[in-house]
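Here this note's numbering is used: the first residue of the sequence shown is -9, the next is one more, and so on.
Heads up, the thing below is written out as structure tokens.
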Amino acid sequence: MLKWFLPVLFFNVLQGNAQEQLTGTQLLDKAIAYHDPNGHWKQFIGKMDIIMTTPDAETRRTQLELNLPSSYFKSSVRKGNNTVDYILDKGKCELLLNKSNAIADNYRDSLQITCDRAKKMKDYYTYLYGLPMKLKDPSTLIDPKVLRKSFKGKDYLVLKVKYDENVGSDTWYFYFDPTNYNMEVYQFYHDESKNDGEYILLSEEMLVKDIKMPKVRAWYYNKDNTYLGTDDLVKANALE
């Protein structure tokens, strides 16, 4: 019994020490090796269907078309009886309401049909569905120290991230399973001392051209755990 126990204990100690010695960059590399082992995200071309549900609001369906090498982004959003297309092609913006570019001002205001909105949606979706790979962007400031935290009763290796001032002032934490480096939670604070901001629980996975994308994202307030909504990736496929 002792002969069996000691090697197992020794292995667990070695494994724990190895994790403690990981730098932030090394942890990120291991997480990317899990989620995008063949480095396909940078060249991703494909489509996604996302259903967003929020309390006391109409369910919203969004269809995305991405061609990252060509800097092309299209988001088609169903809003009530209307469909709004936001298109960014190498920085050029095109807006359509029910397939027409003739959009009355009252619709532009009420349905948020603006190029600024298009850019925000592009940043939002390419960031969220590009994680953790997007943490390699030049503006990302990775804390070299890997944290160990317990969240919802589970232990994680945690990466602390900030950004250049011209990008944003929020503080982010990314939680990775210590056994396989799967990203399962992330959260952000505008002012951590106030416990503001939100956390996002990730569940299930969808394999898209060898990229393991979180399928379900559930959003909550940090301060009181109030549920905010869920993004469900119901369909995704790579075109190349």
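Beta carbons are placed, not taken as given, at the ideal position from N, Cα and C, and that holds for glycine.
Remember, it's a predicted structure, so these values are computed and weren't measured experimentally.
{"query": "Quick check on F1: buried or exposed, where buried means 16 or more other Cβ atoms within 10 Å of its Cβ?", "result": "Per-residue confidence for F1 stands at a pLDDT of 49, beneath the threshold of 50, marking its modelled position as unreliable; no derived number is given."}
{"query": "Whole angstroms are fine: how far does the CA of V175 sit from the CA of S140?", "result": "11 angstroms"}
{"query": "Say whether the stretch 143 to 150 touches the stretch 42 to 54, bearing in mind that this needs 3 or more beta-carbon pairs closer than 8 angstroms, one atom from each stretch.", "result": "no"}
{"query": "For E261 versus T161, is the C-beta spacing smaller than 8 angstroms?", "result": "Since the displayed the chain opens at -9 and closes at 230, residue 261 lies outside it and no answer follows."}
{"query": "Does DSSP put S129 in a helix, in a strand, or in coil?", "result": "coil"}
{"query": "Considering only DSSP beta bridges, list what R68 is partnered with.", "result": "T73"}
{"query": "Just list the beta strand (DSSP E) runs in the stretch 77 to 122, keeping only unbroken ones of 3 residues or longer that don't cross its boundaries, in chain order.", "result": "82 to 87"}
{"query": "Could you check how far apart the C-beta atoms of N72 and L101 are, in whole angstroms? I think they sit under 8 angstroms.", "result": "6 angstroms"}
{"query": "To the nearest angstrom, how far is it from the Cα of Q177 to the Cα of T15?", "result": "19 angstroms"}
{"query": "Give me whichever residues DSSP pairs with A208 in a beta bridge.", "result": "L191, T220"}
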